[in-house]
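The numbering of the sequence shown is full-length UniProt numbering, which starts it at 1 and goes up by one. Notes follow the structure.
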Amino acid sequence: MFKKLLKNTEERKYENSSNSEYIQKDILINLFNDLIQGKPRKLTLEDVNCGDIVDKWNEVIDTLCSSRRKSVLEVNDLLQRVTRMDSVRDIIKSVDTQTEALHSMSANSEELAASIEDVSSMSQKMSQYSNDTKQASETGLSSVSDSIEFVKKSFEDIEIINNQMQIVKEKTHKINEIIDIVKGIADQTGLLALNASIEAARAGEQGKGFAVVANEVKKLAEHTTNSVLDIQKNVSDLQNDIDSSVNKIEQTSKQLDSGKQLVNNSLESISLIDNSIDTVNETVNQVTANTEEQTAVTQSFTSSIMELSQQADYIDNSCIGIGKIIYDLSKNIDSIRLDMVKDRFCLTDCDMMDVYETDHLLWRWKVYNMLLGNEKVNINVVGDYKGCRLGKWYYGIECDKFRDNKTFIELEKPHMELHDAAREAVIAYEKGDIKLAEQCLEKMDTCSKTVFALMGEMKKVLF
């Protein structure tokens, strides 16, 4: 601390002018040595018997201390703000998540592109098969149409035959009528021959010639009758055969009429099938065209996704690099800060509370960067709650006067828990349990809030 001596101007004793302008060399050297060592000391009239020199020197010291104190606190505040830049890890985690998603999308899009290419290839084959089927359908339809025309012609021929058989049937009836007439004539001729024979017998010798003729006529009538019977029998058989044939032809005609309707229905069905094949063929061709277009779009989409994935990798690496740069910057700032506060140059107890707060923010910052892979934390140092600057002050002699202070007493437990949480975070990280390490970091945040709140209350006691 500064050595101060307050005296009223009236109490200052001046000697002669030659003595007032003289400063002993050893005093001046000691003053500069103290200043160099960070222990600036003010002058008194006991040191230099010159009020002007004392006032000017002390003014310089006050200005220097004020400037130095301001610089230390600004650096301390700057480091606090840097240690609160903990969004880098969240950004990196977010970018990592997006990068993984893009990598997955890239892989899926490549598989999708391959699948669509396969679909496109199959669609082209389907289109070719559909075209072949259409051609075969058209050929089959033409053949069926020709067959149906042949069947229809056969229907007409059978109808003609049926009609002709009916005519033949009618003519056989006419023949039977004629046969009946001939048979009647033969019968009459037989009777006439019999009568002629009787009359010839009555005539005696004169009727012999007539008897011979009558006998021949009789024979002729009998032969005619027998022939007519044979003809009648043959005609009857023929008529039966014709009737049977006509019946079968009529049955066949009826069946063919039914078959004709079925054939017509089949022809209509085949025509519908052909139309459906045309529709399917058009649809397949459209699907093929759409698939080819989708293939091109998918390939473009896949290319864009892969480019985004590469950019995400670059951003991820850039974020990691930025986080490392920020951490290195914080270490440089802390190095400057430590050099400035090592001898408490002009700093008050309240100022040191701000320094202690920054110390613990820095411990939290180191654990945070450990999770980013930027720092290796010494487990023995981070867990030593008595070895930190706050711990040395808390358990030091100068704080004996605060031992009964409620706020001072309450400060110990959360401060210990803060260092314990930091130590547990390091242990978890070294074991590869990142989730537990993150939980310990959150516990450090909770403890820090309590510690800093109590330190704020202690400032009121120290002020």
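For glycine and all other residues, C-beta sits at the position ideal for the given N, C-alpha and C.
Are the CB atoms of residue j and residue i within a distance shorter than 8 Å?
i	j	result
Lys443	Ala421	yes
Cys346	Cys65	yes
Tyr368	Leu441	yes
Val235	Ile273	no
Lys435	Asn374	no
Leu371	Ala437	yes
Glu222	Gly184	no
Leu28	Ser330	no
Thr172	Gln239	yes
Ile231	Ile179	yes
Tyr394	Leu411	yes
Measure from the alpha carbon of residue i to the alpha carbon of each residue in the options, then state which is nearest.
i	options	result
Asp77	Lys413, Arg337, Glu398	Arg337
Asp86	Tyr327, Leu436, Asp343	Tyr327
Asp243	Gln188, Asn275, Ile167	Ile167
Asn215	Thr225, Asp62, Ile198, Leu229	Ile198
Asp384	His223, Thr97, Ile181, His419	His419
Glu457	Asp334, Met416, Asn405	Asn405
Arg364	Met352, Asp400, Gln439	Gln439
Leu194	Lys39, Ile249, Thr302, Lys219	Lys219
Met306	Leu43, Glu100, Lys70, Glu149	Glu100
Val213	Gly321, Leu192, Lys233	Leu192
Glu177	Ile160, Gln128, Val228	Val228
Ser121	Lys392, Val284, Asp47	Val284
Ala107	Lys248, Lys376, Gln310, Asp351	Gln310
Thr83	Lys366, Thr291, Asp180, Glu59	Lys366
Arg69	Ile249, Ile322, Asp339, Tyr395	Asp339
Glu282	Asp47, Val60, Asp445, Gln128	Gln128
Hey, is residue i close to the ligand MG, as in C-beta under 7 Å from one of its heavy atoms?
i	result
Gly383	Only the bare structure without any ligand can be found here, which leaves the ligand MG out of the picture.
Between residue i and the rest of its own chain, which residues show a CB-CB distance below 8 Å, the 5 nearest in sequence each way excluded?
i	result
Asp359	Cys388, Arg389, Leu390
Val246	Asn162, Met165, Gln166, Lys169
Thr450	Pro414
Asp34	Pro40, Arg41
Ile333	Val75, Leu78, Leu79, Val82
Ile249	Ile158, Ile161, Asn162, Met165
Which residues in the same chain have their Cβ closer than 7 Å to the Cβ of residue i, if we skip the five residues on either side of it in sequence?
i	result
Asp433	none
Ile379	Arg423, Val426, Ile427
Asp354	Leu73, Asn76
Val341	Val72, Leu347, Val355
Glu21	Only weak support is given to the placement of Glu21: the predicted model assigns it a pLDDT of 49, under 50, and the value that follows is read from those uncertain coordinates. Within the same chain, Glu21 has close Cβ partners Cys50.
Ser67	none
Asp400	none
Grouping DSSP H, G and I as helix and E and B as strand, with all else coil, what is residue i?
i	result
Glu11	Annotation note: pLDDT 40 at Glu11 (below 50); position unreliable, coordinate value reported separately. If DSSP states are grouped into helix, strand and coil, Glu11 belongs with the helices.
Gly391	helix
Leu308	helix
Asp404	coil
Gly456	helix
Arg41	coil
Arg84	coil
Glu21	Per-residue confidence for Glu21 stands at a pLDDT of 49, beneath the threshold of 50, marking its modelled position as unreliable; no derived number is given.
Asp313	helix
Asp52	helix
Asn374	coil
Thr295	helix
Tyr385	coil
Gly323	helix
Lys174	helix
Arg202	helix
Cys346	coil
Between residue i and the rest of its own chain, which residues show a CB-CB distance below 6 Å, the 5 nearest in sequence each way excluded?
i	result
Glu417	Cys447
Trp57	Leu43
Lys459	Cys350, Met353
residue 480	The chain is shown only over 1 to 463; residue 480 falls outside these bounds and no answer can be derived.
If you measure from the beta carbon of residue i to each beta carbon in chain D, is any gap under 8 Å?
i	result
Asp26	Included in the structure is just one protein chain, with no chain D present.
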